[in-house]
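Shown next, in structure tokens, is the structure this report addresses.
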Amino acid sequence: MSLKNILPGRLGFGTAPLGNMFRAIPDDEALATVEAAWDHGIRYFDTAPFYGAGLAEERLGQVLSAKPRDAYVLSTKVGRVILDEHETDVPDFGEKGGLFEHGNPNKILHEWTAEATERSIEGSLKRLGTDRLDVVWVHDIAQDFHGDAWLDKFEEARTGAFRVLSRLRDEGVIKAWGLGVNKTEPIELTLALDEPKPDGFLLAGRYTLLDHEHALTRLLPMAQEQGVDMVVGGPYSSGILAGGAHFEYQQAPAEIIERVGKLKALTEKHGIGIKAAALQFSLAHPASAAVVPGATRPSRIAEDTAALNETVPASFWTDVRAAGLVSPAAPLPDNA
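Everything in the sequence shown is counted per the numbering used here, starting at 28 for the first residue and increasing by one.
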């Protein structure tokens, strides 16, 4: 089923920050942020066991379990099983080391087999306080977590998670499945398979104002040809496009800071917010079904909602294109 027929609206809420990404967030602040998302009309929520070793799912579940289940769409991910025992060693998260050091202390089993997929879903349902999931993403079978071994993990998922999720979709247990990754190659490989196809994918950080060229050349044409939709995760490139200091989950390098400076100069010239430019760019591609920025403060939700609805003049996009800050092949918003 097309994600565009499943997702309610084009703005969702990404819960990675609720797993205490980068900092320890008080429970009341995290819960108030989810409530703010609800109060602003957001009805699509994306989460994952990996976010703080179950912490994000627990916090999201505390709020959503009190809401009518038919009133919202929920996606989570498989590939990580949260164990009851506590971690005693420093976990290895590849390029994302230290990302959730303030999360729950539980050990995480990184596995994409059929059995682990079913265990992962069972754990998520319990933490979320719900009886069903709408969309399930196969999480992080890519180079950033596994280096040269990523193809082995992909094969594990192909023969495990992919088949389980295809069966659950065919049985009507879930509405859709796909990949949730930070790299384009695993999705390209999946779309090239003869096996049951995914319904969509969540691509984090690879279709933003700062990084979109690679996705445009191969992945998105394949996706459009097959009618597979994209949810854009990380539209602010880990925060650098929203006033933060991180890019790719690390401190932003000088060349990125310089490019953001040029973008900000143009947004100021045209009297718009950089968040509006970022969100509306990510949604302008025909394959984009929704965008899911994350937040840890209620005020950020109001900013995101306003940014989605802000009028961005066509002259802004003309200047951005002329300055070489977006690919010549990138679709721009309808008013550009």
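Note that CB positions come from ideal geometry on N, CA and C, so glycine has one too.
Helix, strand or coil at residue i [DSSP, three-state]
{"i": "E182", "result": "helix"}
{"i": "D256", "result": "strand"}
{"i": "I299", "result": "coil"}
{"i": "H273", "result": "strand"}
{"i": "S29", "result": "coil"}
{"i": "H129", "result": "coil"}
{"i": "F308", "result": "helix"}
{"i": "E112", "result": "strand"}
{"i": "A231", "result": "strand"}
{"i": "L101", "result": "strand"}
{"i": "R50", "result": "coil"}
{"i": "L34", "result": "coil"}
{"i": "G288", "result": "helix"}
{"i": "G266", "result": "helix"}
Cβ pair residue i, residue j closer than 8 Å
{"i": "Y71", "j": "A317", "result": "yes"}
{"i": "L110", "j": "R86", "result": "no"}
{"i": "E18", "j": "I301", "result": "Any property of residue 18 remains undetermined from this structure, which presents the chain solely from 28 to 363."}
{"i": "F181", "j": "L216", "result": "yes"}
{"i": "S147", "j": "G81", "result": "no"}
{"i": "Q278", "j": "P360", "result": "no"}
{"i": "V339", "j": "A311", "result": "no"}
{"i": "V319", "j": "G232", "result": "no"}
{"i": "G41", "j": "V108", "result": "no"}
{"i": "A141", "j": "R190", "result": "yes"}
{"i": "S92", "j": "G39", "result": "no"}
{"i": "H129", "j": "N47", "result": "yes"}
{"i": "G88", "j": "R154", "result": "yes"}
{"i": "A63", "j": "P262", "result": "no"}
{"i": "D256", "j": "A314", "result": "yes"}
{"i": "T211", "j": "H166", "result": "no"}
{"i": "K94", "j": "W139", "result": "no"}
{"i": "P132", "j": "A169", "result": "no"}
{"i": "H67", "j": "T345", "result": "no"}
Classification of residue i by the beta-carbon crowding that lies within 10 angstroms, buried from 16 upward
{"i": "R50", "result": "exposed"}
{"i": "N209", "result": "buried"}
{"i": "D179", "result": "exposed"}
{"i": "E222", "result": "exposed"}
{"i": "G175", "result": "The sequence as given places Asp at residue 175; Gly does not occur at that position. Answer is exposed; the Cβ neighbour count stays below 16."}
{"i": "M28", "result": "exposed"}
{"i": "E341", "result": "Going by the sequence as given, residue 341 is Ala instead of Glu. Counting Cβ neighbours within 10 Å, A341 comes out exposed, since fewer than 16 surround it."}
{"i": "E285", "result": "exposed"}
{"i": "A350", "result": "exposed"}
{"i": "S102", "result": "buried"}
{"i": "T235", "result": "buried"}
{"i": "V200", "result": "exposed"}
{"i": "G205", "result": "buried"}
{"i": "L220", "result": "exposed"}
{"i": "D158", "result": "exposed"}
{"i": "D55", "result": "exposed"}
{"i": "G207", "result": "buried"}
{"i": "E84", "result": "buried"}
{"i": "K202", "result": "buried"}
{"i": "A364", "result": "There is no way to answer for residue 364, as the model of the chain reaches only from 28 to 363."}
Interface flag, residue i vs chain C, CB-CB below 8 Å
{"i": "D161", "result": "The chain labelled as chain C is not found in the depicted structure, where only one protein chain is given."}
Segments of 3+ residues assigned as beta strand (DSSP E) that fall wholly inside the region 136-221: Entirely contained in the region 136-221, the beta strand (DSSP E) runs reaching 3 residues are, in chain order, 162-166 and 203-208.
Any alpha helix (DSSP H) of 4 or more consecutive residues that is wholly inside the region 61-99: Those alpha helix (DSSP H) runs which fall completely within the region 61-99 and span 4+ residues are 82-91.
Three CB pairs or more closer than 8 Å across the region 235-252 and the region 186-206: Contact between the region 235-252 and the region 186-206 is absent: fewer than 3 CB-CB pairs across the two stretches fall below 8 Å.
Sequence ranges, alpha helix (DSSP H) only - wholly within the region 307-356, length at least 4: As far as the region 307-356 is concerned, its whole alpha helix (DSSP H) runs of at least 4 residues are 325-336 and 341-349.
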